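K.L.:
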Amino acid sequence: MTSEQDIWSWLSDIPDPEIPVISLVDLGVVRGVEWASDHWVITLTPTYTGCPATTVINLSVDTALRDKGLENFVIKQQIAPPWTTDWISTAAHEKLRQYGIAPPSAAGGPTACPRCASDDLERISQYGSTPCKAQWRCRACLEPFDYFKCI
Amino acid sequence: MTTELFEYLLRLGDNSLVLGHRLSEWCGKSPILEEDIAISNTALDFIGQTQLWLGLAATVEGQGRSADDLAMLRDVWDFRNLLLVEQPNGNFGETIMRQYLFDAWHVLLLDGLTRSHHQEISAIAQKVVKEVRYHIERSRDLVIRLGDGTPVSHEKMQIALDRLWPYVGEMFDVDPVEHTLIEQGLIPDTSTLRAAFDAEVLKTFATATLTLPSSNFAHLGGKSGKRHSEHLGHLLTQMQWLQRAYPGATW
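Chains A and B supply the protein sequences, listed in that same order. The first sequence begins at 1 in the numbering used here and counts up by one. The second sequence begins at 1001 in the numbering used here and counts up by one.
1. Assuming Pro144 of chain A is part of the beta strand (DSSP E), what are its boundary residues?
2. Can you find a CB in chain B that lies within less than 7 Å of the CB of Pro82 of chain A?
3. Counting only the same chain and skipping the five closest in sequence on each side, list residues whose C-beta sits under 7 Å from that of Thr1042 of chain B.
4. What number of angstroms, rounded off, separates the C-alpha of Leu1033 of chain B from the C-alpha of Ile124 of chain A?
5. Flag Gln77 of chain A as yes if its beta-carbon sits less than 7 Å from any beta-carbon of chain B, otherwise no.
6. State yes or no: is the C-beta of Gly1093 of chain B nearer than 6 Å to some heavy atom of the ligand HEM?
7. Of all the options B:Arg1227, B:Ala1206 and B:Ala1196, which has the alpha carbon lying nearest to the alpha carbon of Leu1161 of chain B?
8. Per DSSP, what kind of secondary structure is Leu121 of chain A in: helix, strand or coil?
9. In this structure, how does DSSP classify Leu1054 of chain B when only helix, strand and coil are distinguished?
10. Starting from the N-terminal side, write out each stretch of the beta strand (DSSP E) that is 3 residues or longer and does not extend beyond the segment 72–129 of chain A.
11. Would you give the residue range spanned by the alpha helix (DSSP H) that Arg31 of chain A belongs to?
12. Within 10 Å of its beta-carbon, does Cys116 of chain A have 16 or more other beta-carbons around it, so buried, or fewer, so exposed?
13. Figure out for me which residue from B:Glu1025, B:Pro1213, B:Glu1035 and B:Val1018 has the closest Cα to the Cα of Leu1142 of chain B.
14. Give, in chain order, every residue of the segment 1095–1126 of chain B whose Cβ lies closer than 9 Å to some Cβ of chain A.
15. Output yes or no for whether 7 Å exceeds the beta carbon distance between Ala140 of chain A and Ser105 of chain A.
16. Can you tell me the Cα-Cα spacing of His1118 of chain B and Val1128 of chain B, whole angstroms?
17. Check the Cβ-Cβ distances between Gln1049 of chain B and every residue of chain A, and say whether any is below 7 Å.
18. Skipping 5 residues on each side, what residues in its chain have a beta carbon closer than 6 Å to that of Asp146 of chain A?
19. Mapping the DSSP letters down to three states, classify Ser1116 of chain B as helix, strand or coil.
20. For my contact list, Val1174 of chain B and Asp1198 of chain B are in at a C-beta cut-off of 8 Å; report their separation, rounded to the angstrom.
21. Among the residues of its own chain, which have a CB less than 6 Å from the CB of Thr1209 of chain B, if the five just before and after it don't count?
22. Start and end of the alpha helix (DSSP H) containing Leu44 of chain A?
23. Okay, do the segment 1001–1008 of chain B and the segment 1060–1070 of chain B touch, 3+ Cβ pairs below 8 Å being the bar?
24. Look at the Cβ atom of Ser1066 of chain B, then the Cβ atom of Ala1058 of chain B, and state whether they are nearer than 7 Å.
25. Starting from the C-beta of Ala64 of chain A, find all residues in its chain whose C-beta is less than 8 Å away, skip the five residues before and the five after it, and write them out in chain order.
26. Can you list the residues of chain A that Leu1044 of chain B reaches, using a CB-CB cut of under 7 Å?
27. Mind checking who Ala134 of chain A pairs with in its DSSP beta bridge?
28. At 7 Å on the CB atoms, spell out the chain B contacts of Val128 of chain A, in chain order.
29. According to the neighbour-count rule (16 or more other Cβ atoms, all chains shown, within 10 Å of its Cβ), is Gly1013 of chain B buried or exposed?
30. Does the segment 1071–1081 of chain B come close enough to the segment 1091–1101 of chain B to have 3 or more Cβ pairs within less than 8 Å?
31. Under a three-way DSSP split, which group does Pro1213 of chain B fall into?
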C-alpha cells in the first residue's frame, strides 16, 4: 500500500522544468497529498498565472506517479492562498545559489552575487528569462545573473 | 445576477486578453532586449490571467463553453474590454503610457476584488494582484524616464498622454451591470477608486514633467460592447486567425 510519505518522496524527485536543480516540493507548488476514501488527491498551485511551466509540471507529476505504479489519483489545481516565494525551501535557496540564481530575499533584491559573493550589484530589469526572475549584474565580477524575485 | 456576473467576468477577461495580445505584438521588436523580455513577460501574465477570468466566466455561464471558446470564437460585438486596451501600440512610449494608465487602475481594482464575497473572484484577484504590482512598478518608472528624458521622448510621451487620456473615464464609469454586482458585495465601486487613481497619476506625471489634459471627456462603449473602436476588429483577425481558417483546430 502506498503511503502519503511515499508520494511526497516521489514528488520531491521531480525537477522543476525551468530550474532543474530544485524539485517541485522545494519550489512549494505541491500544496497537498491527501487520501480521499478511494483515491489520492495531489494539489498543485501555479507560481505565475501565465507561466508555461505550469502545464509541464502537471504532466511531470502525472507521468512520475504513473511510473511508480500509482493509478488512483487526481491532480487538483488550487490558486488560493496564492503561491509565494516564501514557500521555496531553505535548502532550495542554497541549490539556486550554486546554480547561479540569486534566491529571493525580503530586501526585494539579491543580497550577494551568486558567483563571486560581492554585494556591489545593480538591477538591469525587473523581468527575466522566466516570469519568476529579474536580471541583475554584479559590478565586481561584471557577470549578469538571474534573481528569483519575490511575490 | 448570473447574467451580470458573466458580463463582468468577460470584462475582466477581455481586458487581459486584448491587452496581452497587444503587448505580444511587440515580441521580438522592442527597442532593447531587456524591454522585449519585460513586455513579453507582461503579455504572458495577462494571458494567464485571461485563462482564470474567462475560465470562471465560462463556468458561471454554464453553457459548456471553455475559456478558449470565449477567447477565440467570439466576434467584436461580443467583446467587453475597455476601449483603452484595444488602442494600437503606436510608438513604444504610447504603449507604455497605455500600460501605465491601465496598471494604475488595475492595481486598485484588483485590490478591491480581493475583498469580493465571491470566493473564486477573491482568490483570482489575490493571485493576480501580486503580478500586477510588478507591472505598475515598471510602467510608472518608464513613464517618468521617458517623460523626463530627452526633448524628443518628452514630446512623444505628452502626445501619448493627450491621445489616451479620453479613454481613462471608461474605467471609472459604473453602469447597471456593475451596480447590481456592487450591491451584492461582489465587486468594488470603481467610481470610488478615482481619487486614488488621480493621486497616483498626478504624482507620476509631475515627476515626469508631463501636463495632464484639462478635459475629462471620456469615450465610452468598450466594456458595454456597444461601440468598440475600429481597431478591435483588426486585432481579432490576427488573434483568431487560426480558428477562423481552421475551425476547431487543436494541437
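Backbone N, C-alpha and C define an ideal beta-carbon position, used for all residues, glycine too. Owing to the predicted nature of the structure, the values given are computational and were not obtained by experimental measurement.
P.N.:
Let me spell this out:
1. Pro144 to Phe148
2. yes
3. Leu1023 and His1135
4. 11 Å
5. no
6. In the structure shown, the ligand HEM is absent, as is every other ligand, since no ligand is present at all.
7. B:Ala1206
8. strand
9. helix
10. 73–77 and 121–125
11. No alpha helix (DSSP H) holds Arg31 of chain A; the beta strand (DSSP E) holding it covers Val30 to Ala36.
12. exposed
13. B:Glu1035
14. Gln1119, Glu1120, Ser1122, Ala1123, Ile1124 and Gln1126
15. no
16. 16 Å
17. yes
18. Ile101, Gly128 and Lys133
19. coil
20. Val1174 of chain B to Asp1198 of chain B, Cβ: 16 Å. No contact.
21. Gly1147 and Asp1148
22. Note, Leu44 of chain A: premise wrong, no alpha helix (DSSP H); beta strand (DSSP E) at His39 to Leu44.
23. yes
24. yes
25. Trp10, Leu11, Asp13 and Ile14
26. Gly50 and Pro131
27. A:Tyr147
28. Strictly speaking, residue 128 of chain A in this sequence is Gly, with Val absent from that position. Ile1037, listed in chain order.
29. buried
30. no
31. coil
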